[in-house]
Amino acid sequence: MNGVPKDTLTVIDHRTGRQYEIPVQDGAIRAVDLRQIKVSADGGDPGLMTYDPGYVNTASCRSAISFIDGEKGILRYRGYPIEQLAERSTFLETAYLLLHGELPSPAELDSWVRNITHHTIIHENIKKFIDGFHHDAHPMGMFVSTVAALSTFYPEAKQIQDETSRRNQIFRLIAKTPTLAAFAYRHSVGMPYAYPDNDLSYAGNFLNMMSKATEVKYTPNKTLERALDVLFILHADHEQNCSSSAMRGVGSSHADPYSAMAAAAAALYGPLHGGANEEVVRMLREIGSTDRIPGYIDRVKRGEFRLMGFGHRIYKNYDPRATIIKRVAEEVFDVTGKNPLIDIAVELERIALNDDYFVTRKLYPNVDFYSGIIYEAMRFPLDMFPVLFAMGRTPGWLAQWQEMLLDREQKIARPRQIYIGPPARDYVPIEERGGR
Ligand code: CMC
Numbered sequence: 002m003n004g005v006p007k008d009t010l011t012v013i014d015h016r017t018g019r020q021y022e023i024p025v026q027d028g029a030i031r032a033v034d035l036r037q038i039k040v041s042a043d044g045g046d047p048g049l050m051t052y053d054p055g056y057v058n059t060a061s062c063r064s065a066i067s068f069i070d071g072e073k074g075i076l077r078y079r080g081y082p083i084e085q086l087a088e089r090s091t092f093l094e095t096a097y098l099l100l101h102g103e104l105p106s107p108a109e110l111d112s113w114v115r116n117i118t119h120h121t122i123i124h125e126n127i128k129k130f131i132d133g134f135h136h137d138a139h140p141m142g143m144f145v146s147t148v149a150a151l152s153t154f155y156p157e158a159k160q161i162q163d164e165t166s167r168r169n170q171i172f173r174l175i176a177k178t179p180t181l182a183a184f185a186y187r188h189s190v191g192m193p194y195a196y197p198d199n200d201l202s203y204a205g206n207f208l209n210m211m212s213k214a215t216e217v218k219y220t221p222n223k224t225l226e227r228a229l230d231v232l233f234i235l236h237a238d239h240e241q242n243c244s245s246s247a248m249r250g251v252g253s254s255h256a257d258p259y260s261a262m263a264a265a266a267a268a269l270y271g272p273l274h275g276g277a278n279e280e281v282v283r284m285l286r287e288i289g290s291t292d293r294i295p296g297y298i299d300r301v302k303r304g305e306f307r308l309m310g311f312g313h314r315i316y317k318n319y320d321p322r323a324t325i326i327k328r329v330a331e332e333v334f335d336v337t338g339k340n341p342l343i344d345i346a347v348e349l350e351r352i353a354l355n356d357d358y359f360v361t362r363k364l365y366p367n368v369d370f371y372s373g374i375i376y377e378a379m380r381f382p383l384d385m386f387p388v389l390f391a392m393g394r395t396p397g398w399l400a401q402w403q404e405m406l407l408d409r410e411q412k413i414a415r416p417r418q419i420y421i422g423p424p425a426r427d428y429v430p431i432e433e434r435g436g437r
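Numbering (this note's numbering), first residue to last: 2 to 437.
Here it is in structure tokens:
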């Protein structure tokens with residue numbers, strides 16, 4: 002069309018016959034540009050909106066943290082392929098990368114690890130309210146509550162515009178989540194809390210706080226320590242998922258990062274998100290043997306329930322994290338012995354990936370399909386699985402939160418709605434309402 006700039010979208014409103022040129026940038030139009038499209042010029046017409054339940058096709062931010070190509074099964078953190086990070090990086094180095102945008106120099110990594118390591122202790126009072134939970138409280142409930150409670154110990158965390166304060170809370174949150182997670186676990190099994198050992202790595206110390214019994218010094222198994230570190234790397238960020246959106250949404254009201262992260266962890270708890278790893282193991286146990294898989298798949302296809310650990314909003318190909326996890330599983334089984342559930346999982350995957358129902362809907366195993374089997378082999382109780390996911394995701398949540406705060410375009414999250422309720426009507430006194 003003559004004279005029309007190339008990077009625009011021409012919209013013709015057939016209600017009015019008017020035509021609009023909407024700029025297109027980075028493959029998106031700005032929803033507010035649609036506001037000018039009105040039927041009536043009087044002030045009562047708010048203009049055109051978009052309707053997108055579940056934000057299936059709405060970008061809520063511009064982000065430089067993680068990149069996913071769901072069709073090709075690609076995941077990168079700050080441009081680095083997840084496969085290379087899982088192979089060559091450590092969780093704390095990856096956390097630095099997510100939060101700072103670049104890999105650290107040796108001196109930067111040293112200082113980063115030292116700072117996180119020296120914030121692992123939690124205030125003694127936190128033990129008291131963990132003690133207050135019932136013995137069978139779900140560790141994720143304890144985790145969400147204790148993360149939120151940390152805000153009361155660090156009131157300066159409210160200074161979210163202050164870079165030093167932000168940095169301190171980031172150290173604390175990454176450092177203290179393993180301690181909170183392990184203490185929640187020890188409470189649920191009635192064991193005394195094991196304090197952090199700052200000589201150990203991040204994952205090694207977590208294993209120490211989970212498993213230490215009467216020995217003076219706990220020595221983690223190197224293979225299991227590395228496997229856990231890799232699992233944390235794989236979970237560290239995943240663009241605008243439900244929990245990261247919760248982190249940004251709550252953070253956008255300028256709540257402190259502990260409160261925002263408690264909300265993110267709560268979002269992760271649900272079985273459609275981070276709670277899926279727990280559900281996968283329950284499902285595999287329920288299936289029980291490979292000969293019962295076809296019957297189970299039939300019930301999934303009839304819509305009775307979903308195949309847990311399958312499907313993803315973005316991945317329409319194999320989740321690259323699931324590929325890495327499958328390999329890690331083999332290494333873990335060399336130490337722990339094979340988890341018999343792996344045979345059911347592999348066969349379930351094989352049958353599903355050859356079934357039209359899953360093929361046509363592009364449903365592949367996601368990160369949660371195999372991670373639970375590894376956690377189980379490592380003797381983590383089932384209800385700790387989402388907590389392990391939350392620990393890994395912590396740097397990602399914080400990177401998303403920080404990016405949101407520093408983004409001049411961001412505002413308090415406040416979606417629109419399409420009102421479908423009754424029109425204005427007068428209040429009816431109770432004695433005039435009749436029986437219903
Ligand atoms: N089992 C059976 N059918 C499925 C599944 C599944 N796991 N996932 C999607 N479908 C079907 C769904 O019924 C629908 O079919 P139809 O078009 O006939 O109605 C179609 O596939 C599209 O599903 P959707 O619900 O529109 O997809 P979504 O993008 O809204 O949901 C999901 C994504 C991850 C919530 C979903 O795939 C699911 O519930 N999976 C099981 C739970 C799970 O494994 N969650 C972990 C996700 S990965 C880690 C994380 O982010 O936490």
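Glycine included, C-beta positions come from ideal geometry on N, C-alpha and C.
Because the structure is a prediction, the values reported are computed rather than measured.
- Look at isoleucine 288 here: in three-state DSSP terms it is helix.
- Comparing alpha-carbon positions, the option among Asp427, Asn355, Ile325 and Trp402 lying closest to leucine 76 turns out to be Ile325.
- A heavy atom of ligand 1 is found nearer than 8 Å to the CB of arginine 362.
- In the DSSP assignment, isoleucine 419 falls outside any beta strand (DSSP E), carrying neither H nor E.
- Taking one beta carbon from each stretch, the stretch 144-159 and the stretch 88-96 have fewer than 3 pairs nearer than 8 Å; the two do not touch.
- A straight-line Cα-Cα distance of about 29 Å links aspartate 320 and lysine 177.
- In the three-state reduction of the DSSP assignment, glutamate 22 falls in the strand class.
- Under the three-state reduction of DSSP, proline 82 is assigned to strand.
- Classified as exposed, isoleucine 431 has fewer than 16 neighbouring CB atoms from the shown chains inside 10 Å of its CB.
- According to DSSP, valine 40 shares a beta bridge with no other residue.
- Rounded to the nearest angstrom, the gap between the Cα atoms of tyrosine 203 and leucine 98 is 16 Å.
- In terms of side-chain proximity, the C-beta atom of arginine 307 is found nearer than 8 Å to a non-hydrogen atom of ligand 1.
- Given a length threshold of 4 residues, each whole run of the alpha helix (DSSP H) inside the stretch 122-153 is given here in chain order: 125-132.
- Going by C-alpha positions, serine 112 is about 13 Å away from leucine 104.
- For valine 12, DSSP records a beta bridge to Tyr21.
- Inter-segment contact for the stretch 168-177 and the stretch 211-218 is absent: fewer than three beta-carbon pairs are separated by less than 8 Å.
- Relative to isoleucine 294, the option among Ile352, Met309 and His136 whose CA is nearest is Ile352.
- With a 10 Å radius around the Cβ and a threshold of 16 neighbouring Cβ atoms, threonine 118 comes out buried.
- Of all alpha-carbon atoms in Met210, Ser189, Pro193 and Met192, the one lying nearest the alpha-carbon of asparagine 199 is that of Met210.
- Excluding sequence positions up to five before and after leucine 35, its CB lies within less than 6 Å of the CB of Leu49, all in the same chain and listed in chain order.
- Under the three-state reduction of DSSP output, alanine 263 falls in the helix class.
- Proximity of the beta carbon of arginine 314 to ligand 1 is indicated: a heavy atom of the ligand is located closer than 8 Å.
- Per DSSP, the beta bridge partners of arginine 77 are Phe68 and Pro82.
- Rounded to whole angstroms, the gap between the alpha carbons of glutamate 404 and histidine 120 is 23 Å.
- Secondary structure at proline 423: coil, using DSSP grouped into helix, strand and coil.
- Judged by the Cβ position, aspartate 137 fails to qualify as a neighbour of ligand 1 at the 8 Å threshold, every heavy atom of the ligand being at least this far.
- If you draw a straight line from the Cα of glutamate 84 to the Cα of alanine 60, it is about 26 Å long.
- In the structure shown, phenylalanine 233 falls within a helical segment according to DSSP collapsed to helix, strand and coil.
- By the neighbour-count definition (other C-beta atoms within 10 Å, threshold 16), threonine 361 is an exposed residue.
- Comparing alpha-carbon positions, the option among Val329, Val40 and Ala195 lying closest to aspartate 14 turns out to be Val40.
- Listed in chain order, the alpha helix (DSSP H) elements of length 4 or more contained wholly in the stretch 341-389 are 342-354, 357-361 and 368-378.
- The closest heavy atom of ligand 1 lies less than 8 Å from the beta carbon of proline 272.
- The beta carbon of phenylalanine 134 sits closer than 7 Å to the beta carbons of Met143 and His188 from its chain, once the five residues preceding and following it are set aside; these are given in chain order.
- A distance below 9 Å separates the beta carbons of alanine 267 and alanine 247.
- Here tyrosine 316 really is in contact with glycine 71; their C-beta atoms are around 5 Å apart, less than 8 Å.
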